[in-house]
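Numbers in the working numbering are just positions in the sequence shown, counted from 1, shifted up by 35. All C-beta atoms in this analysis are idealised placements derived from N, C-alpha and C, irrespective of residue type, glycine included. Working notes for the structure below.
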Amino acid sequence: MRTLGAVAFLLATAFCVPHAIGQQAVPILDPNACAFPDASLVEATDLLEAPAGTHGRVFSAKDGHFYFQDGVRARFFGTNTGGAGCCPDKAAAEMVAERLSRYGINLLRLHSIDGSYTRFIDYAAGTTQTLNPDMLDRYDYFVAQLLKRGIYVYFDLLDYRQFLPGDGVRDAGQLQVCWESSIK
């Protein structure tokens, strides 16, 4: 029943991590008051096994299901965050990881971190092979907070990267990022 409550709550309240950055938690049950309300009818942390990775790596078996290395069936209930939401400040990282675990989320997809708008890649260096140390530290801390609470992470890479001449990619200037091609 707790899982059904978590699903109903998440379907009723759409949220994304970027809205949580810099916001104060509002101690009322109003899903519209902030991205991650402090008060909630949902408490599903007991559904997660922390830390993530306790059962080993995940693989797909011939029956089409996911299993962990030790034979335990893997089941994921996940959501997505993207862009700068993948690198929240440390206080927000702790808050978001805690709230996601309370909602029973055990998988978070980190998406589109490589766009120039996220500052994760230092595009000013003339290559996309140089990372911003501050953003990398925030990203690493966020992932550590998620794993600590039993939340697995799916890294979604090469989404919005704009290759530069210093990358050695032939005709890099002629490549379009996917959102640009959809506008035309």
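Inspect the beta-carbon positions of residue i and residue j and report whether they are closer than 8 Å.
| i | j | result |
| --- | --- | --- |
| residue 173 | residue 124 | yes |
| residue 142 | residue 102 | no |
| residue 126 | residue 177 | no |
| residue 108 | residue 100 | yes |
| residue 179 | residue 138 | no |
| residue 15 | residue 152 | The question about residue 15 has no answer, for the chain in this structure spans 36 to 219. |
| residue 145 | residue 191 | yes |
Using a Cβ-Cβ cut-off of 6 Å (strictly less than) and excluding sequence neighbours within five positions of residue i, which residues of its own chain qualify?
| i | result |
| --- | --- |
| residue 154 | 167 and 170 |
| residue 57 | Confidence at residue 57 is low in this model, with a pLDDT of 49, below 50, so the placement of that residue should be treated as unreliable; the coordinate-derived value is given next. For residue 57, where only same-chain residues beyond five positions count, there are no Cβ hits under 6 Å. |
| residue 86 | 182 and 183 |
| residue 195 | 147, 149, 150 and 212 |
| residue 90 | 103, 105 and 107 |
| residue 96 | 102 |
| residue 83 | 136, 141 and 185 |
Going by DSSP, what residue range makes up the alpha helix (DSSP H) through residue i?
| i | result |
| --- | --- |
| residue 176 | 168-183 |
| residue 77 | Careful: residue 77 lies outside any alpha helix (DSSP H) and carries neither H nor E. |
| residue 136 | 125-137 |
Does residue i pass the burial test, meaning 16 or more other C-beta atoms within 10 Å, or should it be called exposed?
| i | result |
| --- | --- |
| residue 135 | buried |
| residue 131 | buried |
| residue 193 | exposed |
| residue 149 | buried |
| residue 15 | Given that the chain is displayed from residue 36 to residue 219, the structure contains no residue 15 and the question cannot be resolved. |
| residue 159 | exposed |
| residue 120 | buried |
Return the first residue and the last residue of the beta strand (DSSP E) that residue i is part of.
| i | result |
| --- | --- |
| residue 144 | 142-146 |
| residue 188 | 187-190 |
| residue 95 | 93-95 |
| residue 102 | 101-103 |
| residue 118 | Counting along the chain, residue 118 falls outside any beta strand (DSSP E), and DSSP gives it neither H nor E. |
Can you list, in chain order, the residues of its chain with a C-beta nearer than 7 Å to that of residue i? Leave out the 5 residues immediately preceding and following it.
| i | result |
| --- | --- |
| residue 198 | 163, 204, 207 and 210 |
| residue 140 | 112, 113, 114 and 186 |
| residue 200 | 207 |
Give me, in chain order, the residues of the same chain whose beta-carbon lies closer than 8 Å to that of residue i; leave out the 5 immediate sequence neighbours on both sides.
| i | result |
| --- | --- |
| residue 202 | 162, 163 and 164 |
| residue 157 | 165, 166 and 167 |
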